[in-house]
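Engineer: Here it is, the structure, as structure tokens.
Numbering (this note's numbering), first residue to last: -13 to 97.
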């Protein structure tokens, strides 16, 4: 774990993501820095979040949901240190974007 956190490709790409202000897509960062390799953490986040949505329990797992929303570019990377304060999906001021991954395409809508 220590090696991955301080020197692995996940750390390298996360650093590039944060230094870019969270505006770059992980797919672009992977292409630039990893030469065809993929980040397992980002893919896992998408899969976990899909299950949380299907089971309607996103609010029960605020850390996972926050991580996914950072990966999707919905909230800034700095939100990781204040994830417990994130508003719920029921908050009328705040509406999450629903991102559907289908055959490699990303379709975004609000709900």
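Note that CB positions come from ideal geometry on N, CA and C, so glycine has one too.
At the level of alpha carbons, what is the spacing between residue 49 and residue 7?
Structural biologist: In a straight line, the C-alpha of residue 49 is about 20 Å away from that of residue 7.
Engineer: Going by the C-beta, is residue 11 closer than 6 Å to any heavy atom of the ligand COA?
Structural biologist: The ligand COA is not part of the structure shown, which contains no ligands of any sort.
Engineer: Classify residue 55: buried if its beta carbon has 16 or more other beta carbons within 10 angstroms, exposed otherwise.
Structural biologist: Buried.
Engineer: What residues in its chain sit with their C-beta under 7 Å from that of residue 15, if we drop five residues either side in the sequence?
Structural biologist: -1, 2, 3, listed in sequence order.
Engineer: Less than 7 Å between C-beta atoms, sequence neighbours within five positions excluded: which residues of the same chain meet that for residue -6?
Structural biologist: Hits under 7 Å: none found.
Engineer: Mind checking which residues open and close the alpha helix (DSSP H) that includes residue 27?
Structural biologist: First-last of the alpha helix (DSSP H) with residue 27: 26 to 40.
Engineer: Our contact map puts residue 38 next to residue 30 with C-beta atoms below 8 Å; I'd like the distance itself, whole angstroms only.
Structural biologist: Rounded, the Cβ-Cβ distance is 12 Å, inconsistent with contact.
Engineer: Under 8 Å by Cβ, that's how I've got residue -4 and residue 27 pegged, so tell me the actual separation to the nearest angstrom.
Structural biologist: That belief holds up - the Cβ atoms of residue -4 and residue 27 are roughly 5 Å apart, short of 8 Å.
Engineer: Helix, strand or coil, according to DSSP, for residue 21 in the structure here?
Structural biologist: It is coil, neither helix nor strand.
Engineer: Using a Cβ-Cβ cutoff of less than 6 Å, which residues in the same chain neighbour residue 62 once the five nearest sequence positions on both sides are dropped?
Structural biologist: 8, listed in sequence order.
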